[in-house]
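Using the numbering used here, the first residue of the first sequence is number 56, and each one after it goes up by one.
What follows is a single structure, written as structure tokens, with notes after it.
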Amino acid sequence: MLRAGLVRQLAAGIFVWLPLGQRVLDKVNAIVREEMNAIGGQEITMPVIHPAEIWKQSGRWDGIPEMFKLKDRHGREMCLGMTHEEVIAWLASREIRSYRDLPQIWYQIQTKERDEARPRSGVLRTREFVMKDSYTLDPDDAALDRSYDAHAAAYRRIFERCGLRIHVVQSDTGMMGGHSAHEFMAPSAAGEDEIAMCAACGYAANVELARSVPTPPALPAWTREEVATPGARTIAEVAAYLNIDPRLTIKSLLYVAPKAGPVLVLVRGDHSLHERKLLRAVGEECRAAHPDEVREHLGAPVGSVGPLGVRVPIIADETLRQGTYVVGANREGFHVRGVTPGRDFECRFADLHTAVAGEGCGQCGAPLAVERVIEVGNIFKLGTKFSEALGATYLDESGRARPVVMGSYGIGPARIAAAAVEQLADQDGIVWPWAIAPFHVYVVPVSVKDRAQLGAAEEIYAQCWKQGLEAVLDDRDERPGVKFKDAELLGIPVRVTVGNSFVKEGVVEVRSRRTRQERRVSVDQVVAATRALRGEESSTST
RNA sequence: CGGGGCGUAGCGCAGCCUGGUAGCGCGCACGGUUCGGGACCGUGAAGUCGGAGGUUCAAAUCCUCUCGCCCCGACCA
């Protein structure tokens, strides 16, 4: 995207969108608007600067490190909007009086500001970005379900029209609260999320949520005994030293919860803990303990700790309900073999491990696939959290005041653009889908010094625009190779070359960027040939 | 927040270890040749070496502080 001149980076996670990139965003936004309007959405624009008060009312003023906060000249506290539930609830509190005012779908395409801990992946995770965010206001949960489903359907159409392959997956509701949430995920190695999917039953979820049933190892008939493991600290080292399957070991991790204090977390040796799952199990955000804290609470250094005889509460992954394992002995250089959770120590069980490809689906047992994805959209059922906090109520048919039931829905146009680049690009550069390409036709006169070539190219350019195709004319005085390479890098769906064959035979070449298929036509047939290509490619694209 | 790396011409980088004239490629300007898949020759312009302080006769180079950016992890409403 940098090379193609779509964006420039101003600072960490802060980008300028150049003309070509801007055109892509405009195309995406136009599609988003059409589909939002089609489900009854009404576009509004909310402020980027918010008074602190509404965030204090919702309880989100404190505890969000990503929030940019500032003060005005009078010392009043403000923040930069990172999302707009509060403003919507404020708005609803004064616009919605009666059940007759419901339902509503209000949306905007507006800049969001989030002081991300680590902006990365180019335009995929930035501190300032535009989001289409919409909010539904409904009288009850059944109506919310309808609004939610309407959004899900609109989102599918939006991503399909933008040429993206996506999966819809269950996701964590996070601190948004609420009952249900889904994410729209575009498969790509460049993504930052992973999803688990079951081909057999259709189960699909973000790995932060996905339940999987691991394959158990062959269980040996161990009796409980302490074994020396000199120098072995990691699971790999312990398993190698004892010559056993790593799945017969338990990884013991000490975490510290701000309120509950230290907690010992156990997962099978080959598994990794998903901290989001731990958060849900503990009820508050935990951090890994420092080495000195480990020694303080467990009396042993990291690498030798285990669950036996410890005084801190223990949470074990569901996987460990069965089996007998090797655990740290809380004594440097020693482990204990033949330990059974629940029998040899007390603990409670929760789903804690990150799902791994090949493990059984939590629903049907068939093997799960795990795929890396870019999150391009999400939808949340919020319930009444914000409407109650901000006083957004309506009078129902019986004259009773009830809180408005809310939903919240986001789409990132920049992520759509980036995901399209990632999913469709080839060795030579970007391959834009027709619907969001910055231009449709790239016209190349091979030699701009040849009057006839340049004249024909200009004629083609004008004809395209006249007939609804957006064209660019590469009339730079460059050698043809330079222009061809740039055309490919930019990824405009069709390139029209006006060169020797025009001079000799009066034909120009209309060439598909994606398939590289080329047809030779006369100047007045370029538009028709382009349309034909578009028709073919739209029907064969996934 | 934890760990690592990098700031030198518009862009990409070398030079730093071992202090002493700031260099290469691309791009840019001019002239010429070339002209259907990122041409070639010649000439030229262009740098507070991220910033501040220190050591030294002398600092891009050594030391201290600081700012910025990148990568891995955590976080991600």
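Ideal placement from N, C-alpha and C gives every residue a C-beta, glycine not left out.
**Study point:** Straight-line Cα distance separating F557 from E591
**Key:** In the first sequence, residue 591 corresponds to position 536, counting from 1. In the first sequence, residue 557 corresponds to position 502, counting from 1. For E591 and F557, the distance between alpha carbons rounds to 25 Å.
Check your understanding: Thinking C-alpha only, which one of G364, E183 and V411 is nearest P396?
Key -> Taking the first residue of the first sequence as position 1, residue 396 is located at position 341. The shortest Cα separation from P396 among G364, E183 and V411 belongs to G364.
**Study point:** Proximity of P468 and K187 at Cβ, strictly below 9 Å
**Key:** Here the question's residue 468 lines up with position 413 in the first sequence. Here the question's residue 187 lines up with position 132 in the first sequence. Yes, they are a contact pair.
Point to revise | Opposing strand residues paired with M240 [DSSP bridges] | key: Here residue 240 corresponds to residue number 185 of the first sequence, with the count starting at 1. Partner(s): H222 and E430.
Point to revise | Assigned exposure category for H129 - 16 Cβ within 10 Å defines buried | key: As a working note, residue 129 is residue 74 in the first sequence. That one is exposed.
Review point. Under a three-way DSSP split, which group does Q258 fall into?
Key: Translated into positions along the first sequence, residue 258 becomes position 203. First, the residue type needs correcting, since residue 258 is Tyr and not Gln in the sequence shown. Y258 falls in the coil class under three-state DSSP.
Review point. Can V459 be considered in contact with the ligand HEM, in the sense that its beta carbon sits closer than 8 Å to one or more heavy atoms?
Key: For the structure depicted, the ligand HEM is absent and the ligand set is empty, with no information on it obtainable.
**Study point:** Residue closest to E263, alpha-carbon to alpha-carbon, out of I119, K314 and H237
**Key:** Position 208 of the first sequence, counting from 1, holds the residue named residue 263. Comparing Cα-Cα distances from E263 to each of I119, K314 and H237, the minimum goes to H237.
Exercise for review: Select from R302, L303, W277 and D406 the residue whose C-alpha is nearest the C-alpha of R335.
Suggested key: Numbered from 1 along the first sequence, position 280 holds the residue referred to as residue 335. Here the closest residue by C-alpha is D406.
Point to revise | Cutoff 7 Å; reference V486; Cβ partners in own chain excluding five residues on either side | key: In the first sequence, the residue the question calls residue 486 occupies position 431. Excluding residues within five positions, the ones whose Cβ falls inside 7 Å are L479, A480, G546, R568 and R569.
Check your understanding: According to the neighbour-count rule (16 or more other Cβ atoms, all chains shown, within 10 Å of its Cβ), is W520 buried or exposed?
Key -> Taking the first residue of the first sequence as position 1, residue 520 is located at position 465. Its Cβ having fewer than 16 others within 10 Å, W520 is exposed.
Exercise for review: Taking V498 as the reference, give the member of A93, K504, R550 and T585 with the closest Cα.
Suggested key: The residue given as residue 498 occupies position 443 in the first sequence. Checked all of A93, K504, R550 and T585; the closest Cα to V498 is R550.
Check your understanding: Any idea what DSSP makes of H390, helix, strand or coil?
Key -> By one-based count along the first sequence, residue 390 stands at place 335. The answer is strand: DSSP assigns H390 an E or B state.
Exercise for review: Just the C-alpha distance for P500 and V562, rounded to the nearest angstrom, thanks.
Suggested key: For the purposes of this step, residue 500 is taken as residue 445 along the first sequence, with counting starting at 1. For the purposes of this step, residue 562 is taken as residue 507 along the first sequence, with counting starting at 1. Rounded to whole angstroms, P500 to V562 spans 12 Å at the Cα level.
**Study point:** Continuous beta strand (DSSP E) stretch holding A12: start and end
**Key:** Residue 12 cannot be examined here, being either before or after the span of the chain that is shown, 56 to 597.
Point to revise | Cβ pair count under 8 Å reaching 3, the stretch 167 to 178 against the stretch 142 to 153 | key: no
Practice item. Under 8 Å Cβ to Cβ from L544, same chain only, skipping five residues before and after it: list those, please. Key: Here the question's residue 544 lines up with position 489 in the first sequence. The beta carbon of L544 sits closer than 8 Å to those of R58, A59, D483, G484 and I485, all from its chain and outside the five residues before and after it, given in chain order.
**Study point:** Span of the alpha helix (DSSP H) around G383
**Key:** Position 328 of the first sequence, counted from the start, is the residue given in the question as residue 383. No alpha helix (DSSP H) holds G383; the beta strand (DSSP E) holding it covers Y380 to G383.
Exercise for review: Below 7 Å CB to CB, which residues in the same chain sit around E121 once its five sequence neighbours on both sides are set aside?
Suggested key: On the first sequence, residue 121 is found 66 positions in, with the first residue counted as 1. Answer for E121: M137, R169, D170 and E171, listed in chain order.
Exercise for review: Following the continuous beta strand (DSSP E) through W72, name the residue where it begins and the one where it ends.
Suggested key: If you number the first sequence from 1, residue 72 lands on position 17. Segment I69 to W72, the beta strand (DSSP E) holding W72.
Review point. How would you label L125, buried or exposed, when you count the other beta carbons within 10 angstroms and need 16 or more for buried?
Key: As a working note, residue 125 is residue 70 in the first sequence. With fewer than 16 other Cβ atoms within 10 Å, it is exposed.
Exercise for review: Whole angstroms is fine: what's the gap from C402's alpha carbon to A371's?
Suggested key: Walking along the first sequence from the start, residue 402 turns up at place 347. Walking along the first sequence from the start, residue 371 turns up at place 316. Each residue's alpha carbon lies about 6 Å from the other.
Point to revise | Contacts around S176, its chain only, beta-carbon distance under 7 Å, and the 5 residues preceding and following it disregarded | key: Here residue 176 refers to the residue found at position 121 when the first sequence is read from its first residue. Take S176, set aside five residues on each side of it, and the residues of its chain with a beta-carbon closer than 7 Å to its own are A245 and E247, in chain order.
Point to revise | Residues near H352 by beta carbon distance below 6 Å, same chain, minus five either side | key: In the first sequence, counting from the first residue as 1, residue 352 sits at position 297. Excluding sequence neighbours, H352 sits near P317 and V367.
**Study point:** Distance CB(A259)-CB(V223) smaller than 9 Å
**Key:** Counted from its first residue, the first sequence places residue 259 at position 204. Counted from its first residue, the first sequence places residue 223 at position 168. The answer is yes: Cβ separation under 9 Å.
Practice item. Out of E560, A587 and D579, state which residue places its alpha-carbon closest to the alpha-carbon of E573. Key: Position 518 of the first sequence, counted from the start, is the residue given in the question as residue 573. When only C-alpha atoms are compared, the closest one is A587.
Exercise for review: Helix, strand or coil for I547, going by three-state DSSP, please let me know.
Suggested key: Your numbering for residue 547 matches position 492 in the first sequence. In the three-state scheme derived from DSSP, where H, G and I count as helix and E and B as strand, I547 is classed as coil.
Point to revise | Cβ separation of V404 and E373, assumed to be a contact under 8 Å, to the nearest whole Å | key: To locate residue 404, count along the first sequence from 1; it is residue 349. To locate residue 373, count along the first sequence from 1; it is residue 318. The question names Val, but residue 404 in the sequence shown is Phe. At roughly 5 Å, the Cβ-Cβ gap stays under 8 Å, so F404 and E373 are in contact.
Point to revise | Contact belief for A511 with V553 at Cβ below 8 Å, rounded distance in angstroms | key: In the first sequence, the residue the question calls residue 511 occupies position 456. In the first sequence, the residue the question calls residue 553 occupies position 498. The pair is a contact, with the Cβ atoms about 5 Å apart (cut-off 8 Å).
Point to revise | Test item: CB-CB of V425 and E281 under 9 Å | key: Locating residue 425 in the first sequence gives position 370, where the first residue counts as 1. Locating residue 281 in the first sequence gives position 226, where the first residue counts as 1. No, the pair does not count as a contact, with Cβ atoms beyond the cut-off.
**Study point:** Own chain partners of I305 with C-beta closer than 6 Å, once the 5 adjacent residues on each side are dropped
**Key:** In the first sequence, counting from the first residue as 1, residue 305 sits at position 250. Same-chain partners within the cutoff: L321, Y380 and V382.
Check your understanding: Are there 16 or more other CB atoms within 10 angstroms of the CB of A265, so buried, or fewer, so exposed?
Key -> Reading the first sequence from its first residue, position 210 is the one you call residue 265. Buried, because 16 or more other Cβ atoms sit within 10 Å of the Cβ of A265.
Check your understanding: Thinking just about the alpha-carbon of each residue, which of A526, L437 and H329 is nearest to the one in Y190?
Key -> Locating residue 190 in the first sequence gives position 135, where the first residue counts as 1. Comparing Cα-Cα distances from Y190 to each of A526, L437 and H329, the minimum goes to L437.
Check your understanding: Distance, Cα to Cα, T597 vs E132?
Key -> For this step, residue 597 is matched to residue 542 along the first sequence. For this step, residue 132 is matched to residue 77 along the first sequence. Any reading at T597 needs caution, since the residue's pLDDT is 43, under 50, leaving its predicted position unreliable; the model's value is listed next. The alpha-carbon atoms of T597 and E132 are separated by roughly 49 Å.
Exercise for review: Would you mind reading off the limits of the beta strand (DSSP E) that contains R350?
Suggested key: Counting from one through the first sequence, the residue named residue 350 turns up at place 295. Where R350 is concerned, there is no enclosing beta strand (DSSP E), although the alpha helix (DSSP H) it sits in stretches over P346 to L353.
Exercise for review: Flag this pair as yes or no: are the beta carbons of E514 and F494 separated by less than 9 Å?
Suggested key: If you number the first sequence from 1, residue 514 lands on position 459. If you number the first sequence from 1, residue 494 lands on position 439. Contact flag unset, no.
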